[in-house]
Structure formats: structure tokens, C-alpha cells
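Colleague: If you want this note's numbering, it's the 1-based position in the sequence shown plus 176.
For glycine and all other residues, C-beta sits at the position ideal for the given N, C-alpha and C.
Since the model is a prediction, treat every value here as computed from it, not as a measurement.
Okay, here's the structure, questions in a sec.
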Amino acid sequence: MTQDPNATAMQRYHDRFDNIRYTAIAEFVASNLNADRDEERVVDLLVAVQNAAFELCGHSLHMGAWHTLAVRCGQQFLSFHTVDSIHDFLRLFAPDDVRIDNFESTAKAMLRAYSGLDDLKTATAHANGVHSWQGRMAYELLTAVEYLTHASILLLAHEDDGYIREKLHKGLNRITSGVYEGIRHSSEPSRYNFKSIYFPNERDR
Numbered sequence: 177m178t179q180d181p182n183a184t185a186m187q188r189y190h191d192r193f194d195n196i197r198y199t200a201i202a203e204f205v206a207s208n209l210n211a212d213r214d215e216e217r218v219v220d221l222l223v224a225v226q227n228a229a230f231e232l233c234g235h236s237l238h239m240g241a242w243h244t245l246a247v248r249c250g251q252q253f254l255s256f257h258t259v260d261s262i263h264d265f266l267r268l269f270a271p272d273d274v275r276i277d278n279f280e281s282t283a284k285a286m287l288r289a290y291s292g293l294d295d296l297k298t299a300t301a302h303a304n305g306v307h308s309w310q311g312r313m314a315y316e317l318l319t320a321v322e323y324l325t326h327a328s329i330l331l332l333a334h335e336d337d338g339y340i341r342e343k344l345h346k347g348l349n350r351i352t353s354g355v356y357e358g359i360r361h362s363s364e365p366s367r368y369n370f371k372s373i374y375f376p377n378e379r380d381r
């Protein structure tokens with residue numbers, strides 16, 4: 177009789193499960209979220225950890241669970257230490273699986289991108305108070321970075337292309353507005369001439 181692949185995956189999960197590490201992750205998550213261990217948002221993230229482990233063990237009902245977990249970690253403002261603990265826990269189930277590296281990189285990239293937005297907004301507000309073309313250009317470019325950062329977060333989260341395009345479009349428009357300031361007011365306008373830059377389109381596929 178053929179063995180059920182999902183049953184094999186579950187057995188592999190139970191064989192490799194480390195309760196001490198899992199309990200430590202639960203404590204780290206609760207601490208990061210300033211919540212009790214049994215609160216829903218803590219439990220939901222722990223379920224996401226388990227689902228990712230199921231996927232790495234070969235369970236067919238949990239495909240893409242590593243990415244769901246990465247996005248949740250990135251959106252919940254977990255510490256890098258907690259992400260590292262989850263990463264090490266997942267290694268128990270598939271030591272050389274590249275999805276575990278992708279989990280870590282996605283979660284940490286999102287965490288740092290989100291954490292940088294507050295400082296970026298503050299810098300943008302200050303640049304807006306500079307009464308010169310350099311200040312206006314800096315303001316436009318910092319605003320562009322904010323839009324591009326949001327676009328990058330959306331890309332990491334595998335969000336809708338239309339929403340990503342909207343953020344990119346706004347960011348590129350802000351860059352263009354900033355370049356205009358250099359062209360119009362700099363003593364060396366040719367330094368801000370970027371007409372040679374080519375933007376790819378669908379014909380370049």
C-alpha cells in the first residue's frame with residue numbers, strides 16, 4: 177500500500193520537532209508583541225511557524241507557508257533575534273532548503289524597510305522647510321524614496337502588480353520633479369540631464 181505523502185510529512189515534522197526551541201520562539205514573539213502567550217496574534221504567528229515547518233517537511237496543503245510567515249514577521253515588527261530563532265527552528269526540518277534563507281531575507285528586509293519609514297518621513301518634512309532649489313529637490317527625492325520603499329515592501333509581500341505600479345509611478349514622478357529643479361536652477365544643468373536612461377517595457381521580455 178502506498179504511503180500517504182502528507183502522512184509522511186507529518187511524521188517527519190513530529191520526528192524533528194524541538195519543543196524547547198518552539199517554546200522559546202513563543203516567548204520571543206509574545207515579548208516582541210507585548211502580548212500574552214495565549215493572545216490571538218501570538219497564536220496566529222506560531223501557527224504560521226508550524227505551517228512553514230509542515231511545508232518544509234513536504235506537506236502539500238501548506239505550499240507557500242514560508243512566505244506567509246515571512247510577511248507576518250515583517251509586518252509584526254519582530255526583532256531580528258526572533259527571526260533568527262525561527263530560522264534556526266525551520267532548519268531542523270530541511271537543513272539545506274533555500275526557502276528558509278528566503279524566509280529570513282524577506283522578513284528582515286521588510287522589518288528594516290518599515291523601521292526606516294519613520295525617519296524618512298521626518299527627513300522629508302525637514303527638507304520641505306529648506307528655501308532653495310536644493311531643498312526642493314531633496315524634498316522631491318526623499319518623497320520618491322518613500323514611495324519606492326513602499327513599492328519594495330509590496331514586492332517582498334508579493335502584492336498586486338497594480339498597487340506596486342501605483343507606488344512606482346508616484347516615486348518616478350517625484351524623481352522627475354526633483355530633476356527639474358536641478359535643470360532649472362543649477363549652475364551646471366547638464367549634471368541633471370538623464371535623458372539617456374532607458375526604461376524597459378513589455379517588448380523587452
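(1) Would you call the CB atoms of Y198 and F265 closer than 8 angstroms?
(2) Measure the CB-CB distance between M286 and V247 and report whether it falls below 8 angstroms.
(3) Can you find the residues in the same chain that come closer than 6 angstroms, C-beta to C-beta, to A314, ignoring five residues on each side of it along the sequence?
(4) By how many angstroms is the C-alpha of V225 removed from the C-alpha of R438?
(5) Over what stretch of residues does the alpha helix (DSSP H) that includes N195 continue unbroken?
(6) Does the distance from the C-beta atom of G354 to that of L317 stay below 8 angstroms?
(7) What number of angstroms, rounded off, separates the C-alpha of E215 from the C-alpha of E364?
(8) Indicate whether A185 and C233 have their beta-carbon atoms separated by less than 8 angstroms.
(9) Go to G250, then tell me how far its alpha helix (DSSP H) extends in each direction, as first and last residue.
(10) Restricting to Cα atoms, I'd like to know which of S291, Y290, T319, D260 is closest to N278.
(11) Taking T352 as the reference, give the member of D220, I373, R267, P181 with the closest Cα.
(12) Is L237 helix, strand or coil when you go by DSSP?
Modeller: On the basis of the coordinates in this document:
(1) yes
(2) Less than 8 angstroms separates the beta-carbon of M286 from that of V247.
(3) A303
(4) Because residue 438 is not part of the residues shown, which for the chain are 177 to 381, the question remains open.
(5) 195-208
(6) yes
(7) 60 angstroms
(8) yes
(9) If you look at G250, you'll find it in the alpha helix (DSSP H) that goes 241-251.
(10) D260
(11) Residue I373 is the option with its Cα nearest to T352.
(12) Look at L237 here: in three-state DSSP terms it is helix.
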